[in-house]
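There are 2 protein chains.
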Amino acid sequence: MKAVVLLSGGLDSYTAAAIAKSDGFALNALTIQYGQRHAFEIQSARLVARALGVERHLELSIDLRGIGGSALTSDMEVPRDRDLDAAIIPPTYVPARNTIFLSLALGWAEVLGARDIVIGVHARDYSGYPDCRPEFIAAFERLAALATRAGVEGAAFRVHTPLVTFSKADIIRRGGDLGLDYGLTTSCYDPSGEGRPCGHCDSCLLRAKGFREAGVVDPLLLR
Amino acid sequence: MKAVVLLSGGLDSYTAAAIAKSDGFALNALTIQYGQRHAFEIQSARLVARALGVERHLELSIDLRGIGGSALTSDMEVPRDRDLDAAIIPPTYVPARNTIFLSLALGWAEVLGARDIVIGVHARDYSGYPDCRPEFIAAFERLAALATRAGVEGAAFRVHTPLVTFSKADIIRRGGDLGLDYGLTTSCYDPSGEGRPCGHCDSCLLRAKGFREAGVVDPLLLR
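First to last, the protein sequences are chains A and B.
For the first sequence, the residue numbers in my numbering are 5 to 227.
For the second sequence, the residue numbers in my numbering are 5 to 227.
The following block contains the structure:
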């Protein structure tokens with residue numbers, strides 16, 4: 005059975021995709037170049053797609069810098085060494101990003117005849133983004149049934165979030181069980197030209213915390 | 005009050021935008037170049053945006069030919085002289101198109117501080133597209149509240165569909181009342197290089213039927 009999996013080049017989407025593969029899905033990976041500051045992640049997405057043995061890897065471009073409003077898609081600064089326990093939605097939030105990404109995944113899924121979409125969101129050890137929550141995903145599934153020809157014909161689209169209850173450490177442990185090479189991935193929001201992680205953005209901090217709690221050395225640090 | 009209005013270059017979105025303007029909204033027009041066969045409509049969208057006096061006209065590009073699956077975004081043929089009363093979803097249906105477009109409008113609305121989105125869908129004298137129905141729009145509004153920072157903070161996004169109960173003739177009559185120049189618009193799905201309408205696609209047929217029923221001459225025919 006085919007699934008469309010959103011693949012960013014980070015470790016969450018890699019793990020979510022690997023879980024879907026182990027569940028028997030044939031993966032069709034979708035990567036979006038959206039004008040993100042860390043466009044370096046696209047290169048990681050290609051490596052990850054190859055490692056996963058996907059059926060097809062589609063890259064689409066939509067320049068969300070035209071919309072802006074986020075530290076990832078404008079010149080706004082990426083926060084450094086932020087308190088991750090602060091209950092705020094940080095400036096790296098990209099307005100409507102997962103809605104846009106899931107919409108594109110839905111369109112492709114319909115064309116492929118797939119009814120399953122996989123996304124690596126999780127609502128623990130994450131950045132407080134509203135569009136990573138289970139209630140958002142459930143609302144998208146309801147929308148998908150109404151939005152499509154397949155839905156009118158009776159199909160239900162399912163958005164799989166295999167990591168939704170996982171901490172970052174849980175994800176890393178699970179990836180270890182699946183034999184994933186996280187050295188292929190990148191997480192940093194504000195990498196240098198050669199993709200070197202800054203070590204201070206939320207995404208670097210969450211990654212470091214996850215590896216620490218999982219008791220695993222991040223292979224990126226061994227480079 | 006600001007609104008984001010999806011503007012295609014066709015007469016429906018022009019009329020919907022003009023109604024929103026007459027209701028007091030300051031218009032921010034969003035036009036999507038999505039790899040459509042009738043990319044000529046982008047030129048019309050620019051003329052329409054100028055005629056409407058929009059605050060800003062944002063054009064975004066996302067090449068849905070990578071996804072395909074529609075006569076508008078692939079080499080599949082556009083049906084000619086089809087029976088418009090046949091209750092099918094025709095091959096010009098673009099998978100998830102309005103979901104993608106509304107998602108982009110939502111992101112831009114959030115950045116602008118707008119809570120209102122305007123789209124010219126109607127569920128009479130239309131092409132049977134699932135993502136033009138009121139139940140789809142209502143589901144998108146529910147999603148928008150969950151998808152965004154603004155929603156988490158208590159804002160409700162409203163998707164206005166001022167034409168939803170209108171026939172094509174109703175739209176044209178209303179546009180006449182508002183003094184709109186439909187000579188600026190284009191509707192054809194399969195125009196020649198200079199934008200000349202084919203006269204046989206669903207969109208040309210619906211336009212001709214609408215003008216006929218409204219008792220108005222299509223200004224495009226006077227060229």
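Cβ atoms here follow ideal geometry from the backbone N, Cα and C, with glycine treated the same way.
When C-alpha distances from Glu81(A) are compared across Asp89(A), Ala90(A) and Pro95(A), the shortest belongs to Pro95(A). The three-state secondary structure of Val125(A), taken from DSSP, is coil.
Listed in chain order, the non-local C-beta contacts of Phe44(B) below 7 Å within the same chain comprise Thr190, Pro195 and Gly199, local neighbours out to five positions each way being set aside. In terms of Cβ geometry, Gly132(B) and Ala91(B) form a close pair [threshold 8 Å]. Taking the CA atoms as reference points, Arg216(A) sits about 13 Å from Leu224(A).
Per DSSP, reduced to three states, the secondary structure at Ala91(B) is coil, with no helix or strand assignment. No Cβ-Cβ contact shorter than 8 Å links Ile46(A) with Glu59(A). For Gln37(A) against Ser65(A), the beta-carbon gap comes to about 4 Å, under 8 Å, which counts as contact. According to DSSP, Arg60(B) shares a beta bridge with Asn32(B). Ala212(B) has its alpha-carbon roughly 17 Å from the corresponding atom of Leu184(B). Out of Gly197(B), Leu34(B), Arg177(B) and Gly180(B), the CA that lies nearest to the CA of Ile123(B) is found in Leu34(B).
Non-local beta-carbon contacts of Ala30(B) in its own chain, meaning distances under 6 Å to residues more than five positions away in sequence, involve Lys6 and Glu59 in chain order.
Interface flag for Arg128(A) against chain B is unset, since no Cβ pair is found closer than 8 Å. DSSP places Leu150(A) in the helix class (H, G or I) of the three-state scheme. Taken in chain order, the members of the segment 99-110 of chain A whose beta-carbon sits within less than 9 Å of a beta-carbon on chain B are Pro99, Ala100, Arg101, Asn102, Thr103, Ile104, Phe105, Leu106, Ser107, Leu108, Ala109 and Leu110. Leu15(B) has no beta-bridge partner at all, per DSSP. In summary, no residue of the segment 189-201 of chain A has a CB separated from any CB of chain B by less than 9 Å.
As a beta-bridge residue in DSSP terms, His164(A) pairs with Val122(A). For chain B, the residues of the segment 142-171 of chain A that bring a beta carbon within less than 9 Å of one of its beta carbons are Ala142, Ala143, Phe144, Arg146, Leu147, Ala148, Ala149, Leu150, Ala151, Thr152, Arg153, Ala154, Gly155, Val156 and Glu157, in chain order. When only Cα atoms are considered, Asp79(B) and Val115(A) end up about 14 Å apart. Using a Cβ-Cβ cut-off of 9 Å, Gly73(A) is close to Gly111, Trp112, Glu114, Val115 and Leu116 of chain B, given in chain order. Residue state for Ser171(B) is assigned as coil, using DSSP reduced to three classes. Contact annotation: in the segment 54-74 of chain A, residues whose CB is within less than 9 Å of a CB in chain B are Leu62, Glu63, Leu64, Ser65, Ile66, Asp67, Leu68, Gly70, Ile71, Gly72, Gly73 and Ser74. For Thr77(B), the CB contacts under 8 Å within the same chain, skipping 5 residues up- and downstream, are Tyr38, Gly39, Gln40, Arg41, Leu68, Arg69, Ile71 and Val98 in chain order.
By the Cβ neighbour-count rule, Asp16(A) is buried, with 16 or more other Cβ atoms within 10 Å of its own. According to the DSSP secondary-structure assignment, Val8(A) is paired through a beta bridge with Asn32(A) and Ile121(A). By the Cβ-count criterion, Leu110(B) is buried, with 16 or more other Cβ atoms from all chains shown falling within 10 Å of its own Cβ. Classified as buried, Ser48(A) has 16 or more neighbouring CB atoms from the shown chains inside 10 Å of its CB. Here Thr169(B) is exposed: its Cβ has fewer than 16 other Cβ atoms, across all protein chains shown, within 10 Å. The Cβ of Ile93(A) sits closer than 8 Å to at least one Cβ of chain B. Collapsing the DSSP output to three states places Ser65(B) in a strand. The residues Arg84 and Asp85, in chain order, have a CB closer than 6 Å to that of His204(A) in the same chain once the five nearest residues on each side in sequence are set aside.
Between the C-alpha atoms of Val52(A) and Gly117(B) there is a straight-line separation of about 37 Å. Secondary structure at Gln37(B): strand, using DSSP grouped into helix, strand and coil. The C-beta of Ser26(A) has fewer than 16 other C-beta atoms within 10 Å across all chains shown, which makes the residue exposed. Going by C-alpha positions, Ala75(A) is about 15 Å away from Cys208(A).
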